[in-house]
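Chains as they are written, first to last, in this note's numbering: chain A, -13 to 200; chain B, -13 to 200. Glycine included, every Cβ here is placed at the ideal spot set by N, Cα and C. Read through the structure below, which is laid out as structure tokens, and then see the notes.
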DNA sequence: ATAATTCAATTAAACGTTTGTTTAATTCAA
DNA sequence: TTGAATTAAACAAACGTTTAATTGAATTAT
């Protein structure tokens, strides 16, 4: 992929994440990337095809790491859970703009079939990988028979609820809104990882056989 | 509030939830509501003020129920947690369009100060109410010293991760996409409530003193 | 080695729609 | 008769996309 094409993609990524797809004009993107307006159509064909290309471009990031985690037989299911949390929190915090685009796009039905399918494919890939780890722990009688898809929703939803709105996160983390990206991300990472590890440990541990009252 | 004004608000709500604020035109809204285009400016002044009015209109829904829950001294903290889950799941599933708008709007910074403040105020209200319940349980030595804001993120995030995309939810629930709204919501409600009750029971119970390995 | 050719890259300008908003005339019940 | 409600029409600006001309570096021919 040419440098210029990639530069347009990352420029668009930044704007889509901040202002949304419909809130971003092709002229915004051209200006942000420092290229002529017509280059977007020239390279991608249309604004929607540009979004499609962006998803294609980013969807490949970090492929394989989770597969490796699953195949590593020297790790206990508990180790895998901890590494899973580390991996997801880091990956999302290091790709905040793209994650915010996925966050927004998965909530709308008004995109091309290609885009909708790509978005859902990414979600299903996450679901599958985490499912394998939890199911393995259940088979070894270490984990309770929790609702796996709901547990995946808990992991992703917890992270998303703190990555979608920087204003809100900064309030919770007691940070000023103009804190540097690096400080913000590392504080949030520590907090999210610690919480999710405690949460999943209590939630999954087969020794915690608790029943809701109702 | 006049009938017509309210009718425009609910028409806009439906469209904003489906297509997003920027993806919805004032002409879309006028057509959906069956009123003349100029009536939107006449009643609300602008498209953004209409969104502001919508948030104002909906923000009041179910005010007071949580306060009541907090004041009810005959309920144990565990009872309150279960009722909290019931309340939130039902409230969100019965107000899906508005919840989806909040979901989208909390992810963007490109709205008027008034709108951004209203959105964050709603989030803080939720945080405060749940905080009181959990802190009460902690004081009574029933709950562990969990990270309360993160736990609130887990509750809201888990629900949101299954309300944002009907396509994804239907895949998980093994439902066809054209299932009736009623069936869809009741199935999802059962699943979410059960999961969240189990999750919070294990997470909060002071007897589950587990430490992450790392 | 130089000139001619070629074609992808780039540009400014324009295309026809659609956008949010306003205007000025009209309706209609009080 | 008054004034709020409603309308069709128009507004300028912004939208996504296309066009047609131009650049410029690599390739080919002389």
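Closer than 7 Å by beta-carbon distance: list the chain B residues that pair up with residue i, in chain order.
{"i": "residue 151/A", "result": "92 and 93"}
{"i": "residue 148/A", "result": "139"}
{"i": "residue 109/A", "result": "154"}
{"i": "residue 188/A", "result": "188, 189, 194 and 196"}
{"i": "residue 41/A", "result": "Here the premise fails: no neighbours, minimum Cβ distance about 15 Å."}
{"i": "residue 185/A", "result": "140 and 189"}
Find the residues of chain A that neighbour residue i, judging by a C-beta separation of less than 8 Å, and give them in chain order.
{"i": "residue 135/B", "result": "158"}
{"i": "residue 144/B", "result": "136, 139, 140, 143 and 144"}
{"i": "residue 80/B", "result": "The premise fails here: residue 80/B is roughly 18 Å from chain A at the closest Cβ pair, so nothing lies under 8 Å."}
{"i": "residue 86/B", "result": "93"}
Nearest CA to the CA of residue i: which residue from the options?
{"i": "residue 77/A", "options": "95/A, 52/A and 99/A", "result": "52/A"}
{"i": "residue 82/B", "options": "175/B, -12/B, 184/B and 94/B", "result": "175/B"}
{"i": "residue 111/A", "options": "182/A, 20/A and 74/A", "result": "74/A"}
{"i": "residue 125/B", "options": "178/B, 90/B and 63/B", "result": "63/B"}
{"i": "residue 128/A", "options": "19/A, 56/A and 67/A", "result": "67/A"}
{"i": "residue 105/B", "options": "44/B, 65/B and 120/B", "result": "44/B"}
{"i": "residue 30/B", "options": "152/B, -10/B, 10/B and 169/B", "result": "-10/B"}
{"i": "residue 180/B", "options": "19/B, 72/B, 24/B and -7/B", "result": "72/B"}
{"i": "residue 164/B", "options": "103/B, 173/B, 172/B and 152/B", "result": "152/B"}
{"i": "residue 114/A", "options": "2/B, 84/B and 158/B", "result": "158/B"}
{"i": "residue 22/B", "options": "-7/B, 94/B, 60/B and 55/B", "result": "-7/B"}
{"i": "residue 3/A", "options": "70/A, 88/A and 56/A", "result": "88/A"}
{"i": "residue 59/A", "options": "177/A, 155/A, 94/A and 118/A", "result": "118/A"}
{"i": "residue 107/B", "options": "-3/B, -1/B, 42/B and 191/B", "result": "42/B"}
{"i": "residue 194/A", "options": "11/A, 172/A and 131/A", "result": "131/A"}
{"i": "residue 95/B", "options": "6/A, 61/A and 135/A", "result": "6/A"}
{"i": "residue 173/B", "options": "28/A, 116/A and 136/A", "result": "136/A"}
{"i": "residue 178/A", "options": "134/B, 70/B and 56/B", "result": "134/B"}
{"i": "residue 192/B", "options": "156/B, 121/B and 168/B", "result": "121/B"}
{"i": "residue 109/B", "options": "93/B, 123/B and 26/B", "result": "93/B"}
{"i": "residue 86/B", "options": "-5/B, 0/B, -12/B and 57/B", "result": "0/B"}
{"i": "residue 9/B", "options": "90/B, 46/B, -12/B and 40/B", "result": "90/B"}
{"i": "residue 40/B", "options": "101/B, 116/B and 57/B", "result": "101/B"}
By DSSP, does residue i sit in helix, in strand, or in coil?
{"i": "residue 167/B", "result": "helix"}
{"i": "residue 8/A", "result": "coil"}
{"i": "residue 114/B", "result": "helix"}
{"i": "residue 133/B", "result": "coil"}
{"i": "residue 189/B", "result": "helix"}
{"i": "residue 75/B", "result": "helix"}
{"i": "residue 45/A", "result": "helix"}
{"i": "residue 103/B", "result": "helix"}
{"i": "residue 21/B", "result": "coil"}
{"i": "residue -2/B", "result": "helix"}
{"i": "residue 31/B", "result": "coil"}
{"i": "residue 92/A", "result": "coil"}
{"i": "residue 124/B", "result": "helix"}
{"i": "residue 161/B", "result": "coil"}
{"i": "residue 56/A", "result": "helix"}
{"i": "residue 36/B", "result": "helix"}
{"i": "residue 70/A", "result": "helix"}
{"i": "residue 97/A", "result": "coil"}
{"i": "residue 182/A", "result": "helix"}
{"i": "residue 81/A", "result": "coil"}
{"i": "residue 147/B", "result": "helix"}
{"i": "residue 176/A", "result": "helix"}
{"i": "residue -12/B", "result": "coil"}
{"i": "residue 194/A", "result": "coil"}
List the residues of chain A that residue i touches, going by C-beta distances under 9 Å, in chain order.
{"i": "residue 177/B", "result": "133, 135 and 136"}
{"i": "residue 106/B", "result": "151, 153, 154 and 157"}
Is residue i near the ligand FMN, judged by its Cβ being under 7 Å from some heavy atom?
{"i": "residue 152/A", "result": "Because no ligand of any kind appears in the structure shown, any question about the ligand FMN cannot be addressed here."}
In chain A, what lies closer than 7 Å to residue i by C-beta?
{"i": "residue 121/B", "result": "Those do not exist, as residue 121/B stays about 15 Å from chain A at its closest Cβ, beyond 7 Å."}
{"i": "residue 89/B", "result": "93"}
{"i": "residue -6/B", "result": "The contacting residues do not exist; residue -6/B stays about 21 Å from chain A at best."}
{"i": "residue 52/B", "result": "By Cβ distance, chain A contributes nothing, its closest Cβ being about 18 Å from residue 52/B, past 7 Å."}
Which chain B residues sit within Cβ distance under 9 Å of residue i?
{"i": "residue 8/A", "result": "5, 6, 7, 8, 9 and 10"}
{"i": "residue 96/A", "result": "4, 5, 6 and 9"}
Pull up the CB-CB distance for residue i and residue j, whole angstroms please, since I reckon it's below 8 Å.
{"i": "residue 161/A", "j": "residue 154/A", "result": "At roughly 11 Å, the Cβ-Cβ gap does not stay under 8 Å, so residue 161/A and residue 154/A are not in contact."}
{"i": "residue 19/B", "j": "residue -3/B", "result": "4 Å"}
{"i": "residue 69/B", "j": "residue 79/B", "result": "Contact doesn't hold; Cβ gap of about 16 Å is too wide."}
{"i": "residue 123/A", "j": "residue 61/A", "result": "Not quite, the Cβ-Cβ distance comes to about 11 Å (not below 8 Å), so this is no contact."}
Practice item. Would you check if the segment 139 to 155 of chain B and the segment 137 to 147 of chain A touch, i.e. whether three or more CB-CB distances between them fall below 8 Å? Key: Contact holds: three or more Cβ-Cβ distances are below 8 Å.
**Study point:** Touch test, the segment 26 to 39 of chain B against the segment 5 to 15 of chain B, Cβ-Cβ under 8 Å, three pairs minimum
**Key:** Touching, yes.
Exercise for review: For the segment 129 to 145 of chain A and the segment 179 to 196 of chain B, state whether three or more C-beta atom pairs, one from each stretch, are separated by less than 8 Å.
Suggested key: Output reads yes: the segment 179 to 196 of chain B touches the segment 129 to 145 of chain A.
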